[in-house]
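K.L.:
Mind having a look at this structure? Questions to follow.
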Amino acid sequence: MMFEEMFSLNGKIAMVTGASRGIGAAIAAGLAQSGADIIGVSTRISNLVATQTAVEEAGRQFAGFACDQADPAAVRATAKSAISEFGRVDVLVNNAGTIRRAPAVEHSFSDWRDVMSTNLDGVYLLCREIGREMIAQGSGKIVNIASLLSFFGGITVPGYAASKGGIHLLTKALANEWSSANVQVNAVAPGYIETDNTADLRNDEVRYQEILARIPAGRWGSPEDLVGAVVFLSSRASDYVSGHTLVVDGGYCGR
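Numbering-wise (my numbering), the sequence shown opens with residue 1161 and increments by one.
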């Protein structure tokens, strides 16, 4: 196999959740630039206009689906519709997520459930539904978006930390079962990335500078910094990588 073929996604169909902005939009565009047609998922199809434009400018096809990832019935229906319309999904990127910030003693159970339902329950269900089809077709790549809080507890985000810790181990659990069926399940753990989810941190000048001082790269990351890792884990170049969480953090964890 030629080197460039190892990373090519020509002829592949990739589903990306949370594809309307930030990390998800960058990943969808990057997968399209690598040759994949894109199924973009967001809470509203109207949110996907910019992502669709980026995908089509890369010369690839785009289809949008609306799905509330906290709703199990909606997740199952989205998986069924995608398979029915396209016949298969070769790559699944579980990026959709949410966060609630409050000290643990003030962190409401409703906030806890909102975060867990979206960040963990919805990911599991989509992995299960799409993974079943990948096993039947004899190949597939699943990339879950984890977090540095898959490894650290964080501050005032107990639900988020618990959900992302769950993603880290869910990735391993599925990989243990599915790698023998030629379905590789891995994760990417972003460091501190400039997205909507980190706006509160970036607006806190003291906390922002504390975090920045610990990043050897000397800057916060951008959504585009994650694209190369996701393309690698979506391509044949990663066929012998399974159950791994790849940290993309500018060196933060090394300190």
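Idealized CB from N, CA, C, for every residue including glycine.
#1: Since Ile-1305 contacts Ile-1183 with CB under 8 angstroms, what's their CB separation in whole angstroms?
#2: Using the beta-carbon count (16 or more within 10 Å), is Lys-1301 buried or exposed?
#3: Give the DSSP-derived three-state secondary structure of Val-1275 in the structure shown.
#4: Terminal residues of the continuous alpha helix (DSSP H) containing Met-1175?
#5: Pro-1318: which of Ser-1268, Ile-1375 and Gln-1229 sits nearest, CA to CA?
#6: Between which residues of its own chain and Glu-1216 is the CB-CB distance below 7 angstroms, once the five residues before and five after are set aside?
#7: Please identify the residue among Ser-1299, Leu-1309 and Ala-1359 whose C-alpha is closest to the C-alpha of Ser-1340.
#8: In chain order, which beta strand (DSSP E) runs of at least 3 residues are fully inside the region 1285-1311?
#9: Who are the Cβ neighbours of Ile-1290 in its own chain at under 6 angstroms, not counting the five residues just before and after it?
#10: In angstroms, rounded to a whole number, what distance separates the CA positions of Thr-1405 and Val-1265?
#11: Taking the Cβ atom as the reference point for each residue, do Leu-1208 and Ser-1241 lie within a distance shorter than 9 angstroms?
#12: Where does Pro-1263 land, buried or exposed, given buried means 16+ other C-beta within 10 angstroms?
#13: Nearest-angstrom Cα distance between Leu-1372 and Val-1283?
#14: DSSP three-state call for Asp-1356: helix, strand or coil?
#15: How long is the line joining the alpha carbons of Phe-1163 and Arg-1396, rounded to whole angstroms?
#16: Distance, Cα to Cα, Thr-1316 vs Asn-1342?
#17: Residue range of the beta strand (DSSP E) that Asn-1170 falls in?
#18: Candidates Ala-1185, Tyr-1412 and Gly-1178: which alpha carbon is nearest Leu-1308's?
#19: Looking only at its own chain, which residues have a Cβ that is under 8 angstroms from the Cβ of Ala-1347, when we skip the five neighbours before and after it?
#20: Helix, strand or coil, according to DSSP, for Asn-1255 in the structure here?
#21: Should Ser-1194 and Ala-1226 be called a contact, given that it needs their Cβ atoms to be closer than 9 angstroms?
#22: In this structure, what does DSSP give as the bridge partners for Ile-1327?
P.N.:
On the basis of the data shown:
#1: If you number the sequence shown from 1, residue 1305 lands on position 145. If you number the sequence shown from 1, residue 1183 lands on position 23. Sure, about 7 angstroms apart at Cβ, within 8 angstroms.
#2: Residue 1301 sits at position 141 when you count from the first residue of the sequence shown. By the 10 Å Cβ count, Lys-1301 comes out buried.
#3: Numbered from 1 along the sequence shown, position 115 holds the residue referred to as residue 1275. Val-1275: helix per DSSP, three-state reduction.
#4: Taking the first residue of the sequence shown as position 1, residue 1175 is located at position 15. Looking at the DSSP string, Met-1175 is not in any alpha helix (DSSP H); the run it does join, the beta strand (DSSP E), is 1173-1177.
#5: Within the sequence shown, the letter at position 158 stands for residue 1318. Ranking Ser-1268, Ile-1375 and Gln-1229 by Cα distance to Pro-1318 puts Ser-1268 first.
#6: The residue labelled residue 1216 in the question sits at position 56 within the sequence shown. Excluding positions up to five away in sequence, the list reads Phe-1222.
#7: On the sequence shown, residue 1340 is found 180 positions in, with the first residue counted as 1. For Ser-1340, the nearest C-alpha among the options comes from Ser-1299.
#8: DSSP runs (the beta strand (DSSP E)) wholly in the region 1285-1311: 1300-1305.
#9: Your numbering for residue 1290 matches position 130 in the sequence shown. Cβ within range, chain order: Ala-1239, Val-1249 and Leu-1252.
#10: Here residue 1405 refers to the residue found at position 245 of the sequence shown. Here residue 1265 refers to the residue found at position 105 of the sequence shown. Roughly 30 angstroms separates the two Cα atoms.
#11: The sequence position of residue 1208 within the sequence shown is 48, counting from 1. The sequence position of residue 1241 within the sequence shown is 81, counting from 1. No, the pair does not count as a contact, with Cβ atoms beyond the cut-off.
#12: Numbered from its first residue, the sequence shown carries residue 1263 at position 103. Residue environment analysis places Pro-1263 among the exposed positions, since fewer than 16 neighbouring C-beta atoms fall within 10 angstroms of its C-beta.
#13: Position 212 of the sequence shown, counted from the first residue, corresponds to residue 1372. Position 123 of the sequence shown, counted from the first residue, corresponds to residue 1283. C-alpha separation (whole angstroms): 30 angstroms.
#14: In the sequence shown, the residue the question calls residue 1356 occupies position 196. Looking at Asp-1356 - three-state DSSP - the assignment turns out to be helix.
#15: Start at 1 with the first residue of the sequence shown, and residue 1163 comes out as number 3. Start at 1 with the first residue of the sequence shown, and residue 1396 comes out as number 236. Whole-angstrom Cα-Cα distance: 10 angstroms.
#16: The residue labelled residue 1316 in the question sits at position 156 within the sequence shown. The residue labelled residue 1342 in the question sits at position 182 within the sequence shown. Taking the straight line joining both Cα atoms gives about 39 angstroms.
#17: The residue given as residue 1170 occupies position 10 in the sequence shown. Element bounds for Asn-1170: n/a, residue is neither H nor E.
#18: Here the question's residue 1308 lines up with position 148 in the sequence shown. When each option's Cα is compared against that of Leu-1308, the closest is Tyr-1412.
#19: Reading the sequence shown from its first residue, position 187 is the one you call residue 1347. Only Val-1303, Asn-1304, Ile-1305, Ala-1306, Ser-1310, Ile-1327, His-1328, Thr-1331, His-1404, Thr-1405 and Leu-1406 meet the Cβ criterion.
#20: Stepping through the sequence shown from its first residue, residue 1255 is reached at position 95. Secondary structure of Asn-1255 (DSSP, three-state): coil.
#21: Taking the first residue of the sequence shown as position 1, residue 1194 is located at position 34. Taking the first residue of the sequence shown as position 1, residue 1226 is located at position 66. It is not a contact, given that the beta carbons lie outside the stated cut-off.
#22: As a position in the sequence shown, residue 1327 is number 167, starting the count at 1. Ile-1327 pairs with nothing; no bridge assigned.
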